[in-house]
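See below for the structure under consideration.
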Amino acid sequence: MRVVAGKIKGHRLRVPKGHDLRPTASRVKEALFNILPHDLAGLRVLDLFAGTGNLSIEALSRGAAQAVLVDASRKAAVAIRENLRALALSNSCEVWIAPVLKAVRALARRGEKFDLIFLDPPYEKGWVGKILRLLADEDLLRARGTVVAEHSVREKIAERYGRLRLRDQRRYGATLLSFFEYGTA
(Lines of atoms letter the chains of each structure in order from A; the text may use other names.)
(Lines give C-alpha, C1' and ligand atoms only; values in the text may rest on other atoms or scores of the structure.)
Protein backbone atom coordinates (compact mmCIF):
# COMPACT_ATOMS: atom_id res chain seq x y z
CA MET A 94 0.00 0.00 0.00
CA ARG A 95 1.45 3.36 -1.07
CA VAL A 96 0.64 7.06 -0.86
CA VAL A 97 -0.74 7.94 -4.32
CA ALA A 98 -0.11 11.70 -4.57
CA GLY A 99 1.11 14.81 -2.79
CA LYS A 100 4.22 15.67 -0.83
CA ILE A 101 4.89 12.08 0.32
CA LYS A 102 3.80 10.34 -2.89
CA GLY A 103 5.15 6.83 -3.34
CA HIS A 104 5.90 6.07 0.32
CA ARG A 105 4.83 2.63 1.52
CA LEU A 106 2.57 2.21 4.52
CA ARG A 107 3.05 -0.48 7.14
CA VAL A 108 0.22 -2.99 7.48
CA PRO A 109 0.13 -5.05 10.70
CA LYS A 110 0.64 -8.78 10.20
CA GLY A 111 -2.19 -11.08 11.15
CA HIS A 112 -4.61 -8.19 11.50
CA ASP A 113 -8.00 -8.48 9.85
CA LEU A 114 -7.80 -5.35 7.70
CA ARG A 115 -9.41 -4.56 4.40
CA PRO A 116 -7.40 -1.55 3.24
CA THR A 117 -8.96 0.67 0.61
CA ALA A 118 -7.76 -0.59 -2.77
CA SER A 119 -5.36 1.76 -4.56
CA ARG A 120 -7.70 2.34 -7.50
CA VAL A 121 -10.62 3.09 -5.16
CA LYS A 122 -8.47 5.46 -3.10
CA GLU A 123 -7.25 7.24 -6.23
CA ALA A 124 -10.83 7.57 -7.52
CA LEU A 125 -12.04 8.83 -4.13
CA PHE A 126 -9.45 11.62 -4.08
CA ASN A 127 -10.18 12.52 -7.71
CA ILE A 128 -13.86 13.03 -6.77
CA LEU A 129 -13.05 15.21 -3.74
CA PRO A 130 -12.09 18.87 -4.26
CA HIS A 131 -8.45 18.92 -5.29
CA ASP A 132 -7.43 21.57 -2.77
CA LEU A 133 -7.39 19.92 0.65
CA ALA A 134 -5.17 22.65 2.12
CA GLY A 135 -5.97 23.37 5.74
CA LEU A 136 -8.74 20.79 6.11
CA ARG A 137 -9.40 18.85 9.33
CA VAL A 138 -9.95 15.14 8.73
CA LEU A 139 -11.64 12.47 10.85
CA ASP A 140 -10.82 8.88 9.90
CA LEU A 141 -13.17 6.32 11.48
CA PHE A 142 -12.12 2.64 11.42
CA ALA A 143 -8.74 4.03 10.35
CA GLY A 144 -6.90 0.69 9.99
CA THR A 145 -3.44 1.72 8.77
CA GLY A 146 -4.25 5.41 8.43
CA ASN A 147 -4.22 5.02 4.65
CA LEU A 148 -6.95 7.57 3.86
CA SER A 149 -5.88 10.22 6.39
CA ILE A 150 -2.24 9.94 5.36
CA GLU A 151 -3.27 10.41 1.72
CA ALA A 152 -5.29 13.51 2.71
CA LEU A 153 -2.34 14.91 4.71
CA SER A 154 0.00 14.26 1.79
CA ARG A 155 -2.39 16.29 -0.39
CA GLY A 156 -2.45 19.27 2.00
CA ALA A 157 -4.89 18.56 4.83
CA ALA A 158 -3.73 20.26 8.04
CA GLN A 159 -4.81 17.82 10.76
CA ALA A 160 -6.32 14.39 11.24
CA VAL A 161 -7.91 12.44 14.05
CA LEU A 162 -7.66 8.70 13.38
CA VAL A 163 -9.90 6.30 15.31
CA ASP A 164 -9.66 2.53 15.50
CA ALA A 165 -10.60 0.12 18.29
CA SER A 166 -7.59 -2.13 17.58
CA ARG A 167 -4.29 -1.60 19.41
CA LYS A 168 -2.45 -3.31 16.52
CA ALA A 169 -3.99 -0.86 14.08
CA ALA A 170 -3.07 2.09 16.32
CA VAL A 171 0.55 0.88 16.52
CA ALA A 172 0.68 0.62 12.71
CA ILE A 173 -0.88 4.07 12.33
CA ARG A 174 1.62 5.63 14.75
CA GLU A 175 4.54 3.91 13.00
CA ASN A 176 3.32 5.15 9.61
CA LEU A 177 2.84 8.70 10.92
CA ARG A 178 6.27 8.70 12.57
CA ALA A 179 8.01 7.31 9.45
CA LEU A 180 6.39 10.02 7.31
CA ALA A 181 6.97 12.85 9.83
CA LEU A 182 3.22 13.41 10.23
CA SER A 183 2.83 12.69 13.96
CA ASN A 184 2.52 16.36 14.91
CA SER A 185 -0.49 16.76 12.60
CA CYS A 186 -2.42 13.83 14.03
CA GLU A 187 -4.22 12.46 17.04
CA VAL A 188 -4.64 8.66 17.22
CA TRP A 189 -7.49 7.26 19.31
CA ILE A 190 -7.76 3.63 20.37
CA ALA A 191 -11.49 3.51 20.99
CA PRO A 192 -14.75 2.10 19.70
CA VAL A 193 -15.97 4.42 16.96
CA LEU A 194 -19.36 5.18 18.57
CA LYS A 195 -17.70 6.29 21.82
CA ALA A 196 -15.06 8.31 19.96
CA VAL A 197 -17.66 10.19 17.90
CA ARG A 198 -19.61 11.09 21.04
CA ALA A 199 -16.42 12.20 22.83
CA LEU A 200 -15.34 14.35 19.87
CA ALA A 201 -18.79 15.99 19.83
CA ARG A 202 -18.56 16.74 23.58
CA ARG A 203 -15.22 18.46 22.89
CA GLY A 204 -16.90 20.60 20.21
CA GLU A 205 -14.75 19.19 17.40
CA LYS A 206 -15.64 19.94 13.76
CA PHE A 207 -14.21 18.34 10.62
CA ASP A 208 -14.16 19.22 6.92
CA LEU A 209 -13.72 15.65 5.72
CA ILE A 210 -14.82 12.45 7.46
CA PHE A 211 -13.81 9.01 6.21
CA LEU A 212 -15.96 6.07 7.27
CA ASP A 213 -14.54 2.67 6.29
CA PRO A 214 -16.04 0.04 8.62
CA PRO A 215 -16.01 -3.74 8.19
CA TYR A 216 -18.37 -4.60 5.35
CA GLU A 217 -21.93 -5.82 5.94
CA LYS A 218 -21.97 -5.43 9.72
CA GLY A 219 -24.56 -2.63 9.85
CA TRP A 220 -22.02 0.05 10.78
CA VAL A 221 -22.48 2.47 7.89
CA GLY A 222 -26.05 3.59 8.59
CA LYS A 223 -25.51 3.58 12.35
CA ILE A 224 -22.41 5.82 12.13
CA LEU A 225 -23.93 8.17 9.52
CA ARG A 226 -26.95 8.66 11.79
CA LEU A 227 -24.66 9.36 14.76
CA LEU A 228 -22.51 11.80 12.72
CA ALA A 229 -25.66 13.69 11.74
CA ASP A 230 -26.92 13.74 15.35
CA GLU A 231 -23.59 14.83 16.83
CA ASP A 232 -22.97 17.56 14.20
CA LEU A 233 -19.24 16.90 13.66
CA LEU A 234 -19.19 18.01 10.01
CA ARG A 235 -18.51 21.63 9.11
CA ALA A 236 -20.70 23.42 6.58
CA ARG A 237 -19.65 22.42 3.05
CA GLY A 238 -17.83 19.40 4.50
CA THR A 239 -18.02 15.86 3.14
CA VAL A 240 -18.47 12.42 4.66
CA VAL A 241 -17.14 9.59 2.49
CA ALA A 242 -18.46 6.13 3.39
CA GLU A 243 -16.82 3.08 1.84
CA HIS A 244 -19.05 0.02 1.98
CA SER A 245 -20.24 -3.09 0.20
CA VAL A 246 -22.66 -2.67 -2.70
CA ARG A 247 -24.90 -5.12 -0.82
CA GLU A 248 -25.30 -2.70 2.10
CA LYS A 249 -28.35 -0.53 1.65
CA ILE A 250 -28.07 2.98 3.00
CA ALA A 251 -30.55 5.83 3.14
CA GLU A 252 -30.25 8.97 1.03
CA ARG A 253 -30.60 11.09 4.15
CA TYR A 254 -29.52 10.90 7.79
CA GLY A 255 -30.78 14.00 9.59
CA ARG A 256 -29.12 16.91 7.77
CA LEU A 257 -26.65 14.62 5.97
CA ARG A 258 -27.77 13.91 2.43
CA LEU A 259 -26.31 11.65 -0.23
CA ARG A 260 -24.65 13.73 -2.95
CA ASP A 261 -22.93 11.06 -5.05
CA GLN A 262 -22.24 7.33 -5.22
CA ARG A 263 -19.61 5.49 -7.22
CA ARG A 264 -19.19 1.75 -7.65
CA TYR A 265 -15.85 -0.05 -7.91
CA GLY A 266 -16.45 -3.79 -8.15
CA ALA A 267 -18.02 -4.88 -4.83
CA THR A 268 -17.20 -1.51 -3.22
CA LEU A 269 -19.43 1.54 -3.14
CA LEU A 270 -18.23 5.04 -2.23
CA SER A 271 -21.06 7.20 -0.87
CA PHE A 272 -20.48 10.95 -0.52
CA PHE A 273 -22.64 12.84 1.98
CA GLU A 274 -22.90 16.56 2.69
CA TYR A 275 -25.18 18.78 4.76
CA GLY A 276 -28.49 19.64 3.18
CA THR A 277 -31.60 21.23 4.59
CA ALA A 278 -33.38 19.13 7.20
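Taken in order, the sequence shown gives residues 94 to 278; the numbers are from the working numbering. Don't be surprised by glycine CBs; every beta carbon is placed ideally from N, CA and C.
| Query | Result |
| --- | --- |
| Where His131 falls, given that 16 or more other Cβ within 10 Å makes a residue buried | exposed |
| Spatial neighbours of Glu187 in its chain, beta-carbon cut-off 7 Å, leaving aside the 5 residues before and after | Val161 |
| Residue span of the alpha helix (DSSP H) that contains Phe142, given as start and end | That residue, Phe142, is in no alpha helix (DSSP H); it is neither H nor E in DSSP. |
| Min CB distance Ile250 to chain B below 8 Å | Of the chains in the structure shown, none is chain B; there is only one protein chain. |
| Leu228 beta carbon less than 8 Å from that of Leu234 | yes |
| Reduced DSSP secondary structure (H/G/I, E/B, other) of Ser84 | The chain is shown only over 94 to 278; residue 84 falls outside these bounds and no answer can be derived. |
| Burial state of Pro214, where buried means 16 or more other Cβ atoms lie within 10 Å | buried |
| Buried/exposed call for Lys102, threshold 16 Cβ in 10 Å | exposed |
| Cα-Cα separation, Gly146 to Val240 | 16 Å |
| Buried or exposed (CB count within 10 angstroms, at least 16 for buried), Gly238 | buried |
| CA-to-CA distance, Asp164 to Leu269, given in whole angstroms | 21 Å |
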